[in-house]
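Report on the following structure.
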Amino acid sequence: MSGDLAIRLRGVVKRYGPITAVDGLDLDVPFGTCVGLLGPNGAGKSTTMRLLTAQAIADEGELEVLGFRLPEESKVARAQCGVAPQLDNLDTTLTVEQNLLVFTHLYRIGRVDRRAAIERALEMAKLVDRRTSRVDKLSGGMRRRLLIARALVHQPRLVLLDEPTGGLDPQVRQELWALVDALRAQGTTILMSTHYIEEAQRLADTVMIMSHGKAVAAGAPAELVAEYAGRQAVEVYGPPSRLAEVEAEAHAKGFRTRRTGTSVSVLGVEDADGRAPQGERRPANLEDVFVLLTGESIE
Amino acid sequence: MSARPAPQTIGRLERPALTGVLVREVVNFSSYWKSSTFSSTVEPTIYLLAFGFGFGSLLSTIGGYDYVEFVATGTVATAVLFSSAFPAMFGTFVKYQFQRTYDAILAAPVDTEELVSAESLWIATRAGVYGCVPLLVGIAFGLDPRWSMLAVPFIAFIAGFGWANFGISVAGFANSFENFNYIVSAVLTPLFLVAGTFFPLTQLPDWAQFLAQFNPLYHCVKLVRHASFGWSGWSDIGSLVFLIAFGLVMWRIAIRAMTRKLID
Numbered sequence: 001m002s003g004d005l006a007i008r009l010r011g012v013v014k015r016y017g018p019i020t021a022v023d024g025l026d027l028d029v030p031f032g033t034c035v036g037l038l039g040p041n042g043a044g045k046s047t048t049m050r051l052l053t054a055q056a057i058a059d060e061g062e063l064e065v066l067g068f069r070l071p072e073e074s075k076v077a078r079a080q081c082g083v084a085p086q087l088d089n090l091d092t093t094l095t096v097e098q099n100l101l102v103f104t105h106l107y108r109i110g111r112v113d114r115r116a117a118i119e120r121a122l123e124m125a126k127l128v129d130r131r132t133s134r135v136d137k138l139s140g141g142m143r144r145r146l147l148i149a150r151a152l153v154h155q156p157r158l159v160l161l162d163e164p165t166g167g168l169d170p171q172v173r174q175e176l177w178a179l180v181d182a183l184r185a186q187g188t189t190i191l192m193s194t195h196y197i198e199e200a201q202r203l204a205d206t207v208m209i210m211s212h213g214k215a216v217a218a219g220a221p222a223e224l225v226a227e228y229a230g231r232q233a234v235e236v237y238g239p240p241s242r243l244a245e246v247e248a249e250a251h252a253k254g255f256r257t258r259r260t261g262t263s264v265s266v267l268g269v270e271d272a273d274g275r276a277p278q279g280e281r282r283p284a285n286l287e288d289v290f291v292l293l294t295g296e297s298i299e
Numbered sequence: 300m301s302a303r304p305a306p307q308t309i310g311r312l313e314r315p316a317l318t319g320v321l322v323r324e325v326v327n328f329s330s331y332w333k334s335s336t337f338s339s340t341v342e343p344t345i346y347l348l349a350f351g352f353g354f355g356s357l358l359s360t361i362g363g364y365d366y367v368e369f370v371a372t373g374t375v376a377t378a379v380l381f382s383s384a385f386p387a388m389f390g391t392f393v394k395y396q397f398q399r400t401y402d403a404i405l406a407a408p409v410d411t412e413e414l415v416s417a418e419s420l421w422i423a424t425r426a427g428v429y430g431c432v433p434l435l436v437g438i439a440f441g442l443d444p445r446w447s448m449l450a451v452p453f454i455a456f457i458a459g460f461g462w463a464n465f466g467i468s469v470a471g472f473a474n475s476f477e478n479f480n481y482i483v484s485a486v487l488t489p490l491f492l493v494a495g496t497f498f499p500l501t502q503l504p505d506w507a508q509f510l511a512q513f514n515p516l517y518h519c520v521k522l523v524r525h526a527s528f529g530w531s532g533w534s535d536i537g538s539l540v541f542l543i544a545f546g547l548v549m550w551r552i553a554i555r556a557m558t559r560k561l562i563d
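As given, the protein sequences belong to chains A and B, one line each in that order. Quick note on the numbering used here: the first sequence kicks off at 1 and runs consecutively. Quick note on the numbering used here: the second sequence kicks off at 300 and runs consecutively.
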């Protein structure tokens with residue numbers, strides 16, 4: 001039934017006191033794919049990640065990881081998973097190599113294979129030359145690469161990446177994308193949470209958009225864009241009063257709109273034949289879908 | 300693609316999990332052993348020298364023992380406390396709150412029970428070693444070595460295991476560092492003073508002597524002193540049983556406290 005799914009969640013609910021962080025979530029991650037969990041802060045992405053390692057226990061619903069039922073069989077599932085957390089928790093006074101060594105033990109790699117596992121992880125993260133550097137001497141990007149390499153020492157079948165590029169410079173982010181892409185090319189199954197739209201668009205085979213603990217849409221990035229935002233959008237700039245007018249007119253004509261701060265984007269204008277307002281035409285993108293589905297303003 | 304794997308038995312207290320956590324501690328220890336060894340050995344040595352020679356000049360013997368020897372054997376318990384309860388309290392809190400080390404470990408095939416057990420075994424081992432320092436200093440100042448003193452590292456280990464788990468429990472229940480002040484002032488300081496370390500409990504009123512029977516440090520002091528000057532049979536076995544029970548009870552409490560803290 002769930003033989004080809006690395007992760008299968010059905011009706012999962014997780015409450016923290018009065019707050020429902022995850023609210024009836026269904027999620028499928030087929031083997032060999034990269035699934036992106038996209039959502040604003042507080043949408044329940046990190047809680048979902050914690051549920052998958054049984055560091056949070058669901059109040060309701062069914063969870064299976066690699067065919068193992070959670071939380072009862074989580075330990076067996078965790079042995080075959082790699083987890084790169086959102087917050088850096090490397091041992092900062094140890095060297096790159098020592099950090100990896102510790103995890104070869106935690107992931108129960110046999111003595112004869114440890115050396116090779118560390119070398120493989122160093123190469124994957126391009127840290128071969130920095131093996132003897134202390135972690136507190138590394139740049140932010142190197143630390144993040146090490147954090148991911150640490151999750152790969154035991155060649156896991158499933159890798160969970162929680163905000164893998166959060167807080168990094170654009171150049172550094174690209175290095176990490178290359179790393180995740182290489183992992184994908186090896187056929188490793190990946191579940192990645194992010195709030196960077198470009199990241200999801202580039203790396204994920206399918207994206208699930210989350211809002212308030214629920215899945216509001218799922219599909220391949222291009223399909224989601226086509227379905228919710230159409231092919232083309234027009235951006236109209238102007239003072240706030242003008243933007244409100246444009247919005248009202250567009251809604252009256254049956255278009256969907258979204259604010260982009262300084263402008264209004266009128267969506268799905270490809271077949272509008274002059275009914276659309278004048279402005280800058282551009283292809284619709286995943287960000288349009290994201291804002292449409294998760295709300296214009298931050299609550 | 301792959302069929303559902305056969306049901307597996309999920310082991311508790313698995314050796315590879317304990318080893319993994321211990322390896323992390325040992326590798327980390329290689330980066331801070333100097334400062335840790337310094338504080339764990341210098342502090343009790345200062346107590347030993349200050350009390351031993353300060354009071355020792357006023358009273359040469361106490362309860363039939365040479366005062367320096369009395370204090371040298373007593374401060375083993377102090378060394379055990381300083382190298383177990385305190386590092387456990389602060390270390391656990393830092394690893395949980397600031398370094399988030401436990402998040403990383405629990406994402407691996409390690410559960411909270413294994414994590415707490417390995418951490419407390421490691422701290423107990425260190426306490427077993429550091430606990431011997433005052434005795435060695437005492438020997439340098441004239442305490443006669445005896446074969447039975449070889450039991451001291453084991454006594455220190457058992458007591459250290461209890462105090463390590465006590466410290467982990469405190470860190471598990473505490474919401475902030477400030478809460479530790481209450482524990483140090485209201486629990487550890489009185490227990491530390493009413494343990495027969497610096498003066499015999501026979502000087503105290505009966506009720507205090509009675510309460511001291513429930514102080515693990517008192518039993519640690521007593522066993523170390525008897526290992527150094529001569530055993531006293533069943534009474535020592537009683538003290539040993541008390542220390543083991545203290546360790547086991549604190550161990551279960553620590554696991555419960557940390558599970559509450561680490562698993563949402």
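Backbone N, C-alpha and C fix where the C-beta goes; we use that ideal spot for every residue, glycine too.
Closest to I148 (chain A) by CA distance: which of A:R114, A:L191, A:G110 and A:H195 is it?
By one-based count along the first sequence, residue 148 (chain A) stands at place 148. That would be A:L191, whose Cα lies nearest to the Cα of I148 (chain A).
Given that a residue counts as buried once 16 or more other Cβ atoms are within 10 Å of its Cβ, and exposed if not, what is F456 (chain B)?
Working through the second sequence from its first residue, we reach residue 456 (chain B) at position 157. Buried, by the Cβ-count rule.
Member of A:S263, A:G230 and A:G17 whose CA lies at the smallest distance from the CA of V246 (chain A)
Within the first sequence, numbered from 1, the residue matching residue 246 (chain A) stands at position 246. When only C-alpha atoms are compared, the closest one is A:S263.
Can you name the start and end residues of the alpha helix (DSSP H) that P240 (chain A) belongs to?
Within the first sequence, residue 240 (chain A) is the residue found at index 240, counting from 1. P240 to A252 is the extent of the alpha helix (DSSP H) around P240 (chain A).
Going by DSSP in three states, F68 (chain A) sits in which element: helix, strand or coil?
Translated into positions along the first sequence, residue 68 (chain A) becomes position 68. DSSP places F68 (chain A) in strand when its eight states are reduced to three.
Assuming A526 (chain B) and I454 (chain B) form a contact by the criterion Cβ under 8 Å, report the distance between their Cβ atoms to the nearest whole angstrom.
Sequence index remark: in the second sequence, residue 526 (chain B) carries index 227 (1-based). Sequence index remark: in the second sequence, residue 454 (chain B) carries index 155 (1-based). Yes, they are in contact, since the Cβ atoms of A526 (chain B) and I454 (chain B) sit about 7 Å apart, within 8 Å.
Span of the alpha helix (DSSP H) holding A217 (chain A)?
Reading the first sequence from its first residue, position 217 is the one you call residue 217 (chain A). A217 (chain A) -> not in any alpha helix (DSSP H); beta strand (DSSP E) instead, spanning K214 to G219.
Over the uninterrupted alpha helix (DSSP H) stretch that includes R275 (chain A), give me the two end residues.
Taking the first residue of the first sequence as position 1, residue 275 (chain A) is located at position 275. Unbroken run through R275 (chain A): none, as it is neither H nor E.
Any C-beta of chain A sitting closer than 8 Å to the C-beta of Q398 (chain B)?
By 1-based counting over the second sequence, the position of residue 398 (chain B) is 99. It does: the Cβ of Q398 (chain B) has a partner Cβ on chain A nearer than 8 Å.
Distance, A229 (chain A) Cα to V306 (chain A) Cα
This structure gives no information on residue 306 (chain A), because the portion of chain A shown stretches from 1 to 299.
For N480 (chain B), count neighbouring C-beta atoms within 10 Å of its own C-beta (all shown protein chains included) and say buried if the count is 16 or more, exposed if not.
The residue given as residue 480 (chain B) occupies position 181 in the second sequence. That one is exposed.
Using 8 Å as the Cβ pair cut-off and three pairs as the minimum, do the region 104-113 of chain A and the region 142-161 of chain A touch?
yes
So, V451 (chain B) versus V393 (chain B), is the Cβ gap smaller than 8 Å?
As a first step, residue 451 (chain B) is located in the second sequence; it is residue number 152 there, counting from the start. As a first step, residue 393 (chain B) is located in the second sequence; it is residue number 94 there, counting from the start. No, the Cβ-Cβ distance between V451 (chain B) and V393 (chain B) is not below 8 Å.
Step through the CB atoms of chain B and report whether any lies within less than 8 Å of the CB of P85 (chain A).
One-based indexing of the first sequence puts residue 85 (chain A) at position 85. With 8 Å as the cut-off, P85 (chain A) counts as an interface residue toward chain B.
Chain B contacts from the region 130-149 of chain A (Cβ-Cβ distance under 7 Å):
none
Are the beta-carbon atoms belonging to V172 (chain A) and V135 (chain A) less than 8 Å from one another?
Counting from 1 along the first sequence, the entry for residue 172 (chain A) is found at position 172. Counting from 1 along the first sequence, the entry for residue 135 (chain A) is found at position 135. No, the Cβ-Cβ distance between V172 (chain A) and V135 (chain A) is not below 8 Å.
To which residues of the same chain is R275 (chain A) closer than 7 Å at the C-beta, ignoring the five residues directly before and after it?
Counted from its first residue, the first sequence places residue 275 (chain A) at position 275. Once the five neighbours on either side are set aside, the close Cβ partners of R275 (chain A) are K253.
Selection from A:D91, A:I57 and A:L138 that minimises the alpha carbon distance to L9 (chain A)
Position 9 of the first sequence holds residue 9 (chain A). Closest by alpha carbon: A:I57.
Is the beta carbon of G430 (chain B) within less than 7 Å of some heavy atom of the ligand MN?
The ligand MN is not part of this structure, which contains no ligands at all.
Per DSSP, which residues does P386 (chain B) bridge with? Please list them.
Position 87 of the second sequence holds residue 386 (chain B). Partner(s): none; P386 (chain B) has no beta bridge.
Under 6 Å Cβ to Cβ from R425 (chain B), same chain only, skipping five residues before and after it: list those, please.
Within the second sequence, the letter at position 126 stands for residue 425 (chain B). The answer, listed in chain order, is S382.
Confirm, please, whether the CB-CB distance from V269 (chain A) to A222 (chain A) is below 8 Å.
Locating residue 222 (chain A) in the first sequence gives position 222, where the first residue counts as 1. Locating residue 269 (chain A) in the first sequence gives position 269, where the first residue counts as 1. No, Cβ-Cβ distance for A222 (chain A) and V269 (chain A) is not below 8 Å.
Can you check DSSP and say which residues form a bridge with Y16 (chain A)?
The residue you call residue 16 (chain A) lines up with position 16 of the first sequence. DSSP lists A:I19 as partners of Y16 (chain A).
For the pair the region 430-438 of chain B and the region 339-348 of chain B, tell me if three or more CB-CB distances fall below 8 Å.
yes
Find out if the Cβ-Cβ distance for the pair A77 (chain A), F68 (chain A) is shorter than 8 Å.
The sequence position of residue 77 (chain A) within the first sequence is 77, counting from 1. The sequence position of residue 68 (chain A) within the first sequence is 68, counting from 1. Taking 8 Å as the Cβ cut-off, A77 (chain A) and F68 (chain A) qualify as a contacting pair.
In chain order, what residues of the same chain have a beta carbon less than 7 Å from the beta carbon of T47 (chain A), not counting five sequence neighbours either side?
Looking up residue 47 (chain A) in the first sequence gives position 47. Excluding positions up to five away in sequence, the list reads K14, A21, V22 and A56.
Do you know how far the Cα of E418 (chain B) is from the Cα of F328 (chain B)?
One-based indexing of the second sequence puts residue 328 (chain B) at position 29. One-based indexing of the second sequence puts residue 418 (chain B) at position 119. C-alpha separation (whole angstroms): 12 Å.
Which residue spans inside the region 133-180 of chain A form an unbroken beta strand (DSSP E) run of at least 3?
158-162
Nearest chain B C-beta to I298 (chain A) closer than 8 Å, yes or no?
Counting from one through the first sequence, the residue named residue 298 (chain A) turns up at place 298. Because I298 (chain A) carries a pLDDT of 49, less than 50, the predicted location of this residue cannot be relied on, and no value is offered for it.
Let's test the definition: count the other Cβ atoms within 10 Å of the Cβ of W533 (chain B) and tell me whether it reaches 16, buried, or not, exposed.
In the second sequence, counting from the first residue as 1, residue 533 (chain B) sits at position 234. Looking at its Cβ environment, which holds fewer than 16 other Cβ atoms inside 10 Å, W533 (chain B) is exposed.
Where P468 (chain B) sits in the DSSP three-state scheme
Translated into positions along the second sequence, residue 468 (chain B) becomes position 169. A small correction: the amino acid at residue 468 (chain B) is Ser; Pro does not occupy that position in the sequence shown. Note: S468 (chain B) maps to helix in three-state DSSP.
Would you mind telling me which residues of chain B sit closer than 8 Å to I57 (chain A), beta carbon to beta carbon, in chain order?
Taking the first residue of the first sequence as 1, we reach residue 57 (chain A) at position 57. The answer, in chain order, is I562 and D563.
Which residues of chain A have a Cβ atom closer than 9 Å to the Cβ of V415 (chain B), listed in chain order?
What you label residue 415 (chain B) is simply residue 116 of the second sequence in a count that begins at 1. Correct list: empty, because the minimum Cβ distance to chain A is about 15 Å.
Could you tell me which chain A residues have their CB closer than 8 Å to the CB of R323 (chain B), listed as they occur along the chain?
For this step, residue 323 (chain B) is matched to residue 24 along the second sequence. By Cβ distance, chain A contributes D91, V102, H105 and L106.
Segments assigned alpha helix (DSSP H), at least 4 residues, entirely inside the region 32-80 of chain A
45-52 and 74-79
Which of helix, strand or coil does DSSP assign to A117 (chain A)?
For the purposes of this step, residue 117 (chain A) is identified with residue 117 of the first sequence, where counting begins at 1. It is helical.
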